[in-house]
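Mapping of the sequence shown onto mature numbering (1 follows the signal peptide of the UniProt record, and there is no 0): residues -23 to -1, 1 to 169, in sequence order.
Here a beta-carbon is modelled for each residue, glycine too, at the ideal position from N, C-alpha and C.
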Amino acid sequence: MKKLKKLLSITLVFMLLAGVCGCAEKKTPTNTVKNYLEQVKKGENADFSKLLNKNIEKEDEKAGEDKGKFNESEKKILDSMKNLTYKINSENIEGDSAVVNVTATAPDLAAVIGEFFKKAISVAFSGTNKSDEENEKMYDSMLSECLDNVKLTERTQDIHLEKVDGEWRIINNDELAKLLANIDPSMFNFQK
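Structural data, given as structure tokens:
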């Protein structure tokens, strides 16, 4: 389950990046979305790295692990985003609100989670007793194996933006999760 939390944390990082996204040269909603998607695709955005590390550290503190440590499955998730392709279909601006419709071909992490759950449940009911550390390694390996088979699927999503202080900002992170990872965050209860 800790691996699933980390997988979801990484997905949330992509969503949260929208909150820190925005540079002076972004003058249109379309450019804001394009720049955001390019940052995700390249994985070179400093704000993204800080946000990812901060989110991983929170999970690691709860799990008692080394801070900032990326395991094999987390690296594979980030690498899979490099295969992202997208097409901006339309832009609709009404005052300080805008909607950009995007079609993306991106990793289908929902299918990966489903495959991981099947394997994890069968292992959980196998009756083997392992230490927490052994379980972590086993589940990471299992998730990593599932990520080896990640498929790219095409999705179309409306991305909502709002003009704040003269700059366009993405306002609904759930839409990005659906577009980039095929995960609907509303299906998960993140309350602790």
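Going by DSSP, which residues form a beta bridge with residue i?
i	result
residue 68	77
residue 84	129
residue 134	79
residue 114	DSSP, once it has assigned bridges, lists no residue as partnering residue 114.
residue 144	141
residue 63	81
How about residue i and residue j: do their beta carbons lie closer than 7 Å?
i	j	result
residue 62	residue 82	yes
residue 120	residue 57	no
residue 98	residue 10	no
residue 134	residue 155	yes
residue 85	residue 128	yes
residue 55	residue 91	no
residue 123	residue 102	no
Could you pull out every residue in the same chain whose Cβ sits closer than 6 Å to the Cβ of residue i, ignoring the five residues on either side in sequence?
i	result
residue 7	65, 68, 77
residue 96	119
Can you list, in chain order, the residues of its chain with a C-beta nearer than 7 Å to that of residue i? Leave out the 5 residues immediately preceding and following it.
i	result
residue 195	A query on residue 195 cannot be resolved here, the shown segment of the chain reaching from -23 to 169 and no further.
I need the DSSP call for residue i, collapsed to helix, strand or coil.
i	result
residue 5	coil
residue 109	helix
residue 160	coil
residue 102	coil
residue 153	helix
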